[in-house]
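Taking it in order: structure first as structure tokens, then the write-up.
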Amino acid sequence: MSKYKKSIIIYTIIILALVCIFLGYTYRSLVIYERNLVDNYIGYYLKKEGTNKISDNLFLISELEEDNASIKEGLKKLYESNTLEYQENKNLEKDGLYVYDVFNNGILINRVSLKSAKEYKIMGILNSNEWDIVESVNYLDNGLYNYNISIPQSYKLYINNKLVSDKYITDTKDKDGLEELTQFISIDKKNVYKINNLVYEPKIKILDENNLEVEYQIKDNNIEVEKKFINVNTLEEAKEYLKEDFDILELARNYSLYLTDDLTGSNHGLYKLLPYMLENTAIYERMVAWSKGPDIYMVSDHTLKNPPFTNESLRNFTIYNENAFSVDVHLEKNMVVSYKDKKDILNDKLYFIYYNNGYKWVKSEAIKD
102 MSKYKKSIII YTIIILALVC IFLGYTYRSL VIYERNLVDN YIGYYLKKEG TNKISDNLFL
162 ISELEEDNAS IKEGLKKLYE SNTLEYQENK NLEKDGLYVY DVFNNGILIN RVSLKSAKEY
222 KIMGILNSNE WDIVESVNYL DNGLYNYNIS IPQSYKLYIN NKLVSDKYIT DTKDKDGLEE
282 LTQFISIDKK NVYKINNLVY EPKIKILDEN NLEVEYQIKD NNIEVEKKFI NVNTLEEAKE
342 YLKEDFDILE LARNYSLYLT DDLTGSNHGL YKLLPYMLEN TAIYERMVAW SKGPDIYMVS
402 DHTLKNPPFT NESLRNFTIY NENAFSVDVH LEKNMVVSYK DKKDILNDKL YFIYYNNGYK
462 WVKSEAIKD
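All residue numbers for the sequence shown refer to this note's numbering, where the first residue is 102 and numbers rise by one.
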């Protein structure tokens with residue numbers, strides 16, 4: 102091999118070595134730069150130092166936790182999971198102090214305060230900092246993982262394959278919107294469980310009354326599962342679940358006519374509605390007040406067309422249990438007001454309970470399109 106070829110090879114090797122050294126330096130510099138970005142540095146610090154001063158007696162571990170759980174190991178696993186969120190707390194910052202709150206699923210678990218110990222440039226162009234940790238405070242009074250879980254009373258809750266007992270129930274409440282029905286009958290309420298002091302992300306399982314597993318979503322450490330009520334769309338389908346047949350549309354027609362003072366008889370025809378109503382309900386009080394107040398006399402003069410009602414429908418039956426259901430009622434009342442045709446539309450969800458040997462109308466709410 103000639104001296105020229107040898108020199109070319111040596112020169113090439115030197116160039117490649119310098120390129121490798123430069124690339125290695127560049128890579129290492131960028132790694133250090135990225136690590137020293139304040140958000141990233143907090144994560145780096147927690148992974149390296151965050152569990153050094155943690156005791157396994159920091160809180161009393163829940164009996165629902167897996168056996169032989171270690172707070173220190175659980176926190177280390179959490180810090181290494183890369184699922185934490187870091188949020189700057191500017192309200193606590195002053196005199197060059199940076200304060201960051203560390204969140205796990207929306208729950209504050211740590212607050213880190215740090216200052217820049219030294220500013221310098223990387224590769225002559227990137228500004229970077231060396232950081233000093235001033236303080237790191239843990240907020241783990243409720244454990245590393247904690248949840249509020251709301252499920253129907255007839256459902257069962259399991260944490261790590263352990264059945265959760267009633268002692269974890271902090272509240273029992275009606276399903277939203279059914280409070281007026283449960284004054285008179287029983288409908289499956291909801292139990293609210295408070296689950297604290299877990300070390301590892303738990304296995305949560307919810308079973309319905311048929312021991313079938315129920316799907317759920319976790320949002321900000323809250324789980325809310327609604328009862329799966331029976332839904333059908335027609336009256337014929339609903340009759341399978343109703344205790345007796347009654348004319349819902351006729352009641353709705355009388356309700357509509359009553360509101361425009363088109364019923365005859367005492368109290369503006371209120372007697373036609375009373376058999377389907379119960380005292381001490383909001384709808385009862387409202388209907389009685391309408392018959393006695395001045396507003397009923399201010400209804401515009403009008404006549405009813407023939408037929409008075411069109412586009413009638415009953416749909417979206419929800420069967421809450423054998424004694425309660427709701428239905429969406431739609432009908433259009435055809436009127437002539439000041440020589441002009443006008444439609445008065447009723448589009449309401451009506452709620453009924455079976456009480457004192459018959460169905461009673463206990464609530465009405467407008468359906469929002």
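Backbone N, C-alpha and C fix where the C-beta goes; we use that ideal spot for every residue, glycine too. Since the model is a prediction, treat every value here as computed from it, not as a measurement.
Give the DSSP bridge partners of residue i, in chain order.
{"i": "Ile305", "result": "Ile260"}
{"i": "Pro253", "result": "Lys291"}
{"i": "Arg387", "result": "According to DSSP, Arg387 bridges with nothing at all."}
{"i": "Asn323", "result": "Asn249, Lys320"}
{"i": "Asp402", "result": "DSSP output for Asp402 lists no bridge partner at all."}
{"i": "Tyr455", "result": "Tyr460"}
{"i": "Leu447", "result": "Leu432"}
{"i": "Asn332", "result": "Thr419"}
{"i": "Thr545", "result": "Outside the shown range of the chain, which is 102 to 470, sits residue 545, and nothing can be said about it."}
{"i": "Thr273", "result": "Asn292"}
{"i": "Val315", "result": "Its beta-bridge partners do not exist; DSSP assigns none."}
{"i": "Gly278", "result": "None; Gly278 has no bridge partner."}
{"i": "Ile234", "result": "Leu215"}
{"i": "Thr382", "result": "In DSSP, Thr382 forms no bridge with anything."}
How many whole angstroms separate the CB atoms of residue i and residue j, which I take to be in contact at a CB cut-off of 8 Å?
{"i": "Ser357", "j": "Asp445", "result": "7 Å"}
{"i": "Tyr259", "j": "Lys306", "result": "4 Å"}
{"i": "Tyr342", "j": "Ile349", "result": "At roughly 14 Å, the Cβ-Cβ gap does not stay under 8 Å, so Tyr342 and Ile349 are not in contact."}
{"i": "Phe418", "j": "Ala339", "result": "4 Å"}
{"i": "Ser214", "j": "Val200", "result": "5 Å"}
{"i": "Lys276", "j": "Ile286", "result": "That belief does not hold up - the Cβ atoms of Lys276 and Ile286 are roughly 13 Å apart, past 8 Å."}
{"i": "Pro409", "j": "Asn448", "result": "The Cβ separation is near 17 Å, so there is no contact."}
Looking only at its chain, what residues have a beta carbon closer than 8 Å to the beta carbon of residue i, apart from the 5 residues adjacent to it on each side?
{"i": "Leu159", "result": "Ile172, Asn239, Leu241"}
{"i": "Asn178", "result": "For the record, residue 178 in the displayed sequence is Lys; it is not Asn. Correct list, in chain order: Tyr301."}
{"i": "Lys373", "result": "Asn355, Tyr359, Leu364, Gly366"}
{"i": "Glu314", "result": "Lys306, Ile307, Leu308"}
{"i": "Gly197", "result": "Lys216, Ser217"}
Apart from the five residues just before and just after residue i, which ones in its own chain have a Cβ nearer than 7 Å to its Cβ?
{"i": "Ile270", "result": "Asn292, Val293, Tyr294"}
{"i": "Lys148", "result": "Tyr180, Glu181"}
{"i": "Leu264", "result": "Lys257"}
{"i": "Ile252", "result": "Leu258, Lys291, Asn292, Ile307, Val326"}
{"i": "Glu194", "result": "Val200"}
{"i": "Ile234", "result": "Tyr146, Val213, Leu215"}
{"i": "Lys191", "result": "none"}
{"i": "His369", "result": "Tyr359, Asp362, Ser392, Ile397"}
{"i": "Ile468", "result": "Asp429, Asn448, Asp449, Lys450"}
Enumerate in chain order the residues of its own chain whose CB-to-CB distance from residue i is below 6 Å, with the five nearest sequence positions on each side excluded.
{"i": "Gly151", "result": "Tyr180"}
{"i": "Ala170", "result": "Ile162, Val300"}
{"i": "Asp272", "result": "Val293"}
Requested in this report: Write down every uninterrupted run of the alpha helix (DSSP H) in the region 334-375 whose length is 4 residues or greater and which is fully enclosed by it, in chain order.
Outcome: 336-339, 349-360
Query raised in the report: Within the chosen definition, does the region 272-283 reach the region 195-210 through at least 3 CB pairs nearer than 8 Å?
Result: no
**Report entry** Stretch pair the region 407-422 + the region 382-397: three plus CB contacts closer than 8 Å
**Finding:** no
Query raised in the report: Along the chain, which unbroken stretches of the beta strand (DSSP E) at least 3 residues long are found entirely within the region 153-226?
Result: 186-189, 198-205, 208-223
Query raised in the report: Below 8 Å, can you find three or more Cβ-Cβ pairs linking the region 393-402 to the region 425-432?
Result: no
**Report entry** Three CB pairs or more closer than 8 Å across the region 458-466 and the region 318-330
**Finding:** no
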